[in-house]
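In full-length UniProt numbering, the protein residues as written are 1 to 510.
C-beta: ideal position from N, C-alpha, C; glycine also.
Please read all numbers here as calculations on a predicted model, not as lab measurements.
Step one of this worksheet: look at the structure below.
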């Protein structure tokens with residue numbers, strides 16, 4: 001029994017009680033079913049049979065009463081009505097008897113009911129014969145008929161009484177059987193209840209022995225463990241759940257012993273490590289503070305450098321604007337020089353055109369001089385008549401010579417001017433080339449200033465990023481310094497906790 005588990009014992013006990021309860025319930029249901037069958041038999045068969053037999057017998061009795069009333073005065077005016085009443089009563093009696101015969105019956109009851117049916121038919125035939133022929137009978141015939149009816153009715157009442165007695169005997173037998181069944185089921189129920197109580201008591205004692213004693217022992221061990229006493233070993237002597245509980249408690253005690261031992265060693269190691277961490281955190285805190293101060297100085301220097309780079313970038317932007325302005329002015333000067341070159345070329349072309357015109361004028365003056373000379377010769381030949389013409393020819397010749405001299409002077413001036421214009425054109429072309437070189441240089445300077453401005457902007461952006469990074473490093477360093485201080489405080493707290501843990505573990509006795 002001790003090898004069975006408590007679960008198996010409880011299951012067996014509950015299963016047994018369930019089976020016992022089912023058996024008791026089945027007995028009760030069976031008893032009630034049989035009692036109900038007996039009551040149904042009594043109500044639907046015996047009681048109905050007795051009632052229908054009585055109704056049929058009462059109908060015969062009332063038929064006889066009606067016939068007696070008819071026989072008292074066959075010539076009375078109410079005879080037809082009495083005969084109709086007789087026939088109605090006959091129908092009621094036959095219906096009652098037919099209903100009885102339709103009920104289930106035993107062989108003995110069928111034998112008795114057949115005898116009653118025969119006697120009833122005899123009585124009914126006598127009554128029918130009297131009712132059919134009463135109007136033609138004299139008193140003597142009436143008396144004979146009534147005597148026959150009385151004799152037949154006596155036989156009918158006798159066998160009907162036997163049938164009713166049989167019904168009473170059957171009802172009593174069913175009652176006796178029901179009573180005996182009740183006594184039997186009551187005895188079985190009482191025996192089952194007593195057996196169930198004994199089984200319950202046995203189960204209670206068995207479970208109390210299997211649970212109570214080991215549970216008290218387990219509670220004692222729990223109390224010792226709660227007070228820190230781990231020195232006593234725990235033994236399990238059973239294989240049920242309580243034995244498993246004690247075995248588990250023993251394993252827990254062994255685990256606690258191992259854990260406490262480990263915790264003792266660990267608390268000592270933690271205390272030593274906490275001291276080392278505290279010392280290391282102090283040194284780390286000092287170095288972190290130095291690093292934070294250096295980062296603050298670096299941040300200040302980076303801010304100054306940022307200001308300088310921004311100023312350089314601003315100067316580069318201004319120089320870029322000036323270079324762009326100079327490039328625009330050089331471009332405009334180059335355009336003006338080009339216009340001057342074009343104008344000088346046009347002046348040179350005009351000078352060449354004037355030279356051509358002066359050559360024509362010189363040629364005209366030369367021809368005019370020749371013509372004047374010819375005219376003077378002709379005037380000299382003419383003598384006195386040609387003197388006035390000679391004077392005119394002399395004047396014309398003088399004008400032609402003066403025109404020729406003026407044309408020569410103008411030609412020389414134009415040649416001189418043309419030479420100077422050519423020299424000026426050469427100088428202007430050279431100035432245009434130099435202006436183009438200046439424009440190229442100014443544009444190169446503008447491009448270089450653009451590159452310097454872009455580089456300064458990028459440098460300013462990079463320095464700002466470096467400044468932000470340094471600021472973040474400064475913030476992180478300060479945060480690290482705070483964390484180092486917190487870690488130092490935590491290490492000190494850890495050291496205190498390790499000391500407290502060591503003192504707490506010292507409570508256990510192994």
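Cβ pair residue i, residue j closer than 8 Å
i, j, result
"residue 305", "residue 463", "yes"
"residue 372", "residue 393", "yes"
"residue 501", "residue 258", "no"
"residue 230", "residue 7", "no"
"residue 146", "residue 63", "no"
"residue 74", "residue 134", "yes"
"residue 404", "residue 365", "yes"
"residue 310", "residue 460", "yes"
"residue 149", "residue 67", "yes"
"residue 486", "residue 285", "no"
"residue 96", "residue 52", "yes"
"residue 152", "residue 174", "no"
"residue 269", "residue 245", "no"
"residue 196", "residue 20", "yes"
"residue 156", "residue 120", "yes"
"residue 376", "residue 397", "yes"
"residue 422", "residue 348", "yes"
"residue 203", "residue 33", "no"
"residue 338", "residue 424", "no"
"residue 225", "residue 253", "yes"
Host alpha helix (DSSP H) of residue i (start-end)
i, result
"residue 133", "107-133"
"residue 92", "79-102"
"residue 137", "Note, residue 137: premise wrong, no alpha helix (DSSP H); not H, not E."
"residue 213", "213-226"
"residue 235", "Taken as a continuous stretch (DSSP letters only), residue 235 belongs to no alpha helix (DSSP H), as it is neither H nor E."
"residue 70", "48-72"
7 Å Cβ shell around residue i - same chain, five flanking residues per side excluded
i, result
"residue 495", "271, 274, 275 and 278"
"residue 407", "358, 361, 362 and 365"
"residue 488", "278, 281, 282 and 285"
"residue 163", "53, 112, 113 and 116"
"residue 303", "467"
"residue 69", "82"
"residue 55", "96"
Buried versus exposed, by CB contacts within 10 Å (16 or more), residue i
i, result
"residue 93", "buried"
"residue 104", "exposed"
"residue 363", "exposed"
"residue 352", "exposed"
"residue 90", "buried"
"residue 178", "buried"
"residue 325", "exposed"
"residue 415", "exposed"
"residue 439", "buried"
"residue 57", "buried"
"residue 170", "buried"
"residue 24", "buried"
"residue 329", "exposed"
Own chain partners of residue i with C-beta closer than 8 Å, once the 5 adjacent residues on each side are dropped
i, result
"residue 166", "108, 109 and 112"
"residue 450", "320"
"residue 27", "185, 188, 189 and 192"
"residue 71", "130, 134, 142, 145 and 146"
"residue 469", "none"
Contact set for residue i: own chain, Cβ-Cβ below 6 Å, skip 5 residues either direction
i, result
"residue 221", "234 and 249"
"residue 382", "none"
"residue 331", "439"
Among the options, the one whose alpha carbon lies nearest that of residue i
i, options, result
"residue 317", "447, 369 and 172", "447"
"residue 374", "118, 402, 148 and 390", "390"
"residue 452", "354, 314, 480 and 439", "314"
"residue 350", "123, 307, 418 and 430", "418"
"residue 567", "297, 131, 438 and 215", "Shown here, the chain extends from 1 to 510; a query on residue 567 therefore has no answer."
"residue 161", "49, 429 and 467", "49"
"residue 367", "380, 400 and 427", "400"
"residue 199", "435, 262, 492 and 18", "18"
"residue 215", "202, 247 and 331", "247"
"residue 291", "328, 331, 471 and 427", "471"
"residue 237", "256, 213 and 159", "213"
"residue 342", "498, 206, 427 and 457", "427"
"residue 205", "477, 354 and 10", "10"
"residue 16", "457, 307 and 201", "201"
"residue 154", "395, 455, 61 and 435", "61"
Residue i CB to nearest heavy atom of the ligand ATP below 7 Å
i, result
"residue 150", "With respect to small molecules bound, the structure shown includes none, and the ligand ATP cannot be examined in it."
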